[in-house]
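For reference, the structure is listed below as structure tokens.
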């Protein structure tokens with residue numbers, strides 16, 4: 006998304022790799038200032054798919070089935086990180102220290118929920134469905150690499166069942182940019198109102214639903230609220246997370262009026278909600294005994310795989326990426342809550358990075374002034390120009406221009422100069438579009454092409470393939486796309 010010249014790339018490759026290695030060694034003993042391992046203080050849709058082929062989606066009407074993810078996606082595995090041989094050796098040594106007990110073993114030892122209907126045929130059905138698609142389940146476990154250790158830590162800290170940490174496997178297949186047909190977004194699949202209810206920022210700069218730390222905090226807040234509402238009956242808690250607490254309360258009242266049991270298996274709930282808890286237990290059972298189901302789980306160490314660097318002021322993610330062995334694309338993938346490629350002017354300024362790079366990035370950012378952390382453009386106003394037109398040209402907003410230039414009104418004058426912050430955008434255009442650029446209707450998700458887009462960029466943005474876009478839109482390899490054109494990026498098959 007942000008360009009690198011060949012010269013800059015060469016300089017960083019030659020001058021920083023050795024220093025990064027020594028900094029990493031030091032960080033093992035000293036840790037990094039302005040860096041914390043994500044521990045902040047102290048929220049869906051799903052139904053069966055008729056597909057019988059092995060695909061990259063789950064058998065539900067959730068974000069899992071909404072977009073086809075590329076198998077070699079950066080988020081699919083930690084192995085996509087570009088590291089020097091010395092760094093790879095260091096990472097291998099670190100992994101060996103936790104090999105005896107990985108995160109999966111820790112989960113198995115802490116699973117605690119008991120299903121009130123253990124012979125439910127739905128559990129066996131989903132066990133069979135997943136076991137018939139071992140590659141799909143393995144991809145879920147790969148994506149979990151960056152998120153599961155943190156999520157499990159937070160779940161345990163709140164005294165919740167360990168099964169809650171694998172809920173995103175069901176909700177989003179551990180994809181922070183997942184979008185459901187109901188416009189639920191993120192790892193934990195929040196719709197906009199519920200996200201706002203639990204403090205998730207959603208504006209031009211940021212969508213907290215796509216931020217791993219913020220959305221996890223909000224999801225556990227929501228689940229904690231539901232646990233209080235339903236006296237720690239976790240089957241009802243999970244059903245309410247899926248269908249809403251109001252729907253579950255109404256189902257309980259109906260059963261009370263007819264003197265029927267008010268436990269989860271006896272409630273009259275939507276089909277997807279009736280299948281929601283059995284699906285989670287099926288996933289839990291597979292993790293407990295993957296060999297039984299012919300499934301291989303991707304190794305995940307029993308330690309934090311990510312850390313948060315507090316950049317303190319507004320910072321361009323492209324600049325941050327230049328100090329560590331990640332591309333801008335990779336760093337953006339870990340920080341998908343930031344929609345514009347920079348941290349918001351008023352914060353938060355937290356940047357999620359692989360844990361072993363946190364100390365290095367923190368130290369490099371400390372050397373920079375706030376002015377050095379963004380790329381600026383000076384625009385000289387011409388006769389007939391208005392703030393709205395200038396804002397549109399630079400893909401920003403009038404309030405931002407006014408705030409950045411201390412303008413008290415919308416009145417501007419010819420030859421006046423405006424200072425405009427511009428992220429270093431390049432080949433990858435993730436920050437140029439958000440879930441708000443996508444329309445969901447009649448079983449299709451469409452994207453409106455913007456100036457500078459290409460099929461390659463759009464396929465990266467939505468984690469699909471060029472071939473899929475060509476097929477869905479009846480295009481050929483020679484077809485030209487143009488601004489304003491609507492492209493189908495996903496549809497029910």
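In this note's numbering, the protein residues as written are 6 to 498.
Using N, Cα and C, we set each Cβ at its ideal position, and we do this for glycine too.
| Asked | Found |
| --- | --- |
| Three-state class that DSSP yields for residue 491 in the structure shown | strand |
| Residue 357 - partner residues in DSSP beta bridges | 313 |
| Ordered list of alpha helix (DSSP H) runs contained in the stretch 191–240, each at least 4 residues | 197–202, 217–234 |
| Validate contact between the stretch 138–151 and the stretch 199–213 using beta carbons, cut 8 Å, 3 pairs | no |
| The stretch 268–284 / the stretch 246–258 touching (three or more Cβ pairs under 8 Å) | yes |
| Residue 125 CB to nearest heavy atom of the ligand ADP below 7 Å | As presented, the structure is devoid of all ligands, the ligand ADP included, so that no description of it is given. |
| Check whether residue 282 and residue 366 have beta carbons under 8 Å apart | no |
| Short CB-CB distance (under 8 Å) between residue 386 and chain D | Going by chain labels, chain D is absent from the structure shown, which holds only one protein chain. |
| Assigned secondary structure, residue 321 (DSSP; H/G/I helix, E/B strand, else coil) | strand |
| Extent of the continuous alpha helix (DSSP H) to which residue 463 belongs | 460–466 |
| Residue 464 versus residue 449 - alpha carbon distance | 16 Å |
| Cβ-Cβ distance between residue 173 and residue 193 below 8 Å | yes |
| Burial state of residue 237, where buried means 16 or more other Cβ atoms lie within 10 Å | exposed |
| Residue burial classification, residue 278 (beta-carbon count within 10 angstroms, cutoff 16) | buried |
| Beta-carbon contacts of residue 244 that lie in its chain and below 7 Å, excluding the five residues immediately before and after | 253, 269, 274, 278, 281, 282 |
| Candidates 357, 295, 335: closest to residue 312 by CA position | 357 |
| Stretch-stretch touch, CB-based, cutoff 8 Å, three pairs: the stretch 119–133 with the stretch 323–335 | no |
| Alpha-carbon spacing of residue 185 relative to residue 370, whole angstroms | 37 Å |
| Neighbour-count burial assignment, residue 378, 16 or more Cβ in a 10 Å radius | buried |
| Between the CA atoms of residue 383 and residue 190 - distance to the nearest angstrom | 36 Å |
| Residue 455 versus residue 217: straight-line alpha-carbon distance, rounded | 27 Å |
| Host beta strand (DSSP E) of residue 450 (start-end) | 449–453 |
| Bounding residues of the beta strand (DSSP E) (the contiguous stretch that carries residue 128) | Segment 126–136 is the alpha helix (DSSP H) holding residue 128; no beta strand (DSSP E) there. |
| N- and C-terminal bounds of the alpha helix (DSSP H) containing residue 423 | Run containing residue 423: none in the alpha helix (DSSP H); it sits in the beta strand (DSSP E), 422–426. |
| Under the three-state DSSP convention, the category residue 343 falls into | strand |
| Beta carbon of residue 305 nearer than 8 Å to that of residue 291 | no |
| Simplified DSSP state of residue 385, which is helix, strand or coil | strand |
| Where residue 267 sits in the DSSP three-state scheme | coil |
| Short Cβ contact (8 Å threshold) for residue 165 with residue 112 | no |
| Buried versus exposed call for residue 219 [16 or more other C-beta atoms within 10 Å across all chains shown] | buried |
| Counterpart residues of residue 184 in DSSP-defined beta bridges | 190 |
| Residue nearest to residue 163 in terms of C-alpha spacing, selected from 226, 122, 471 | 226 |
| Assigned secondary structure, residue 303 (DSSP; H/G/I helix, E/B strand, else coil) | coil |
| Residue from 232, 230, 395, 188 with nearest C-alpha to residue 212 | 188 |
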